[in-house]
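Visitor: Handing you a structure now.
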């Protein structure tokens with residue numbers, strides 16, 4: 566993902582990442598004990614939730630790439646390539662949001678909901 570985003574931006578959208586489908590791969594981390602497995606999965610979830618650095622890199626590079634394309638004088642083709650890349654880049658941003666932001670928000674929402682439920686049961690009377 567990370568190198569795919571960098572290649573996509575540096576080639577003005579001309580690079581394409583092709584998946585290699587392998588039915589035997591498992592991206593879920595496992596360890597020797599149950600507790601170590603839970604910890605490894607938590608670390609992976611944090612890494613996905615903190616993936617905002619990919620989006621900040623994307624948005625940080627847009628002005629630099631635009632400046633590079635505009636500095637080529639009256640070369641209309643380089644500006645067209647930039648805007649084509651920026652348009653196709655929306656799909657990259659949607660994937661980043663789905664992988665990083667949505668998972669992070671759902672986890673936070675689930676934890677806050679559970680905490681509020683416990684607080685409500687402890688603080689409110691039974692007839693409410």
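In the numbering used here, the protein residues as written are 566 to 693. We treat Cβ as the ideally placed atom computed from N, Cα and C, and that holds for glycine.
1) What three-state label does DSSP hand residue 640 in the structure shown?
2) What's the gap between the Cα of residue 628 and the Cα of residue 586?
3) Please report the distance separating the alpha-carbon of residue 617 from that of residue 595.
4) How long is the line joining the alpha carbons of residue 664 and residue 613, rounded to whole angstroms?
5) When DSSP labels each residue in this structure, what does residue 692 get in the three-state scheme?
6) Which residue spans inside the region 583–667 form an unbroken alpha helix (DSSP H) run of at least 4?
7) Pick helix, strand or coil for residue 576, following the three-state DSSP scheme.
8) Given a cut-off of 7 Å, decide if residue 646 and residue 600 are closer than it, judged by their beta-carbon atoms.
Guide: In terms of the structure at hand:
1) On the chain shown, position 75 is the one that residue 640 refers to. The answer is coil: DSSP assigns residue 640 none of H, G, I, E or B.
2) Position 63 of the chain shown, counted from the first residue, corresponds to residue 628. Position 21 of the chain shown, counted from the first residue, corresponds to residue 586. Computed Cα separation, rounded: 35 Å.
3) As a working mapping, residue 617 is identified with position 52 in the chain shown. As a working mapping, residue 595 is identified with position 30 in the chain shown. Cα to Cα, the separation comes out at about 25 Å.
4) The residue you call residue 664 lines up with position 99 of the chain shown. The residue you call residue 613 lines up with position 48 of the chain shown. Answer to the nearest angstrom: the Cα atoms are 7 Å apart.
5) Along the chain shown, read from residue 1 onward, the residue named residue 692 stands at position 127. Note: residue 692 maps to coil in three-state DSSP.
6) 599–614, 617–635 and 641–661
7) For the purposes of this step, residue 576 is taken as residue 11 along the chain shown, with counting starting at 1. Residue state, collapsed to three classes: coil.
8) What you label residue 600 is simply residue 35 of the chain shown in a count that begins at 1. What you label residue 646 is simply residue 81 of the chain shown in a count that begins at 1. No, the Cβ-Cβ distance between residue 600 and residue 646 is not below 7 Å.
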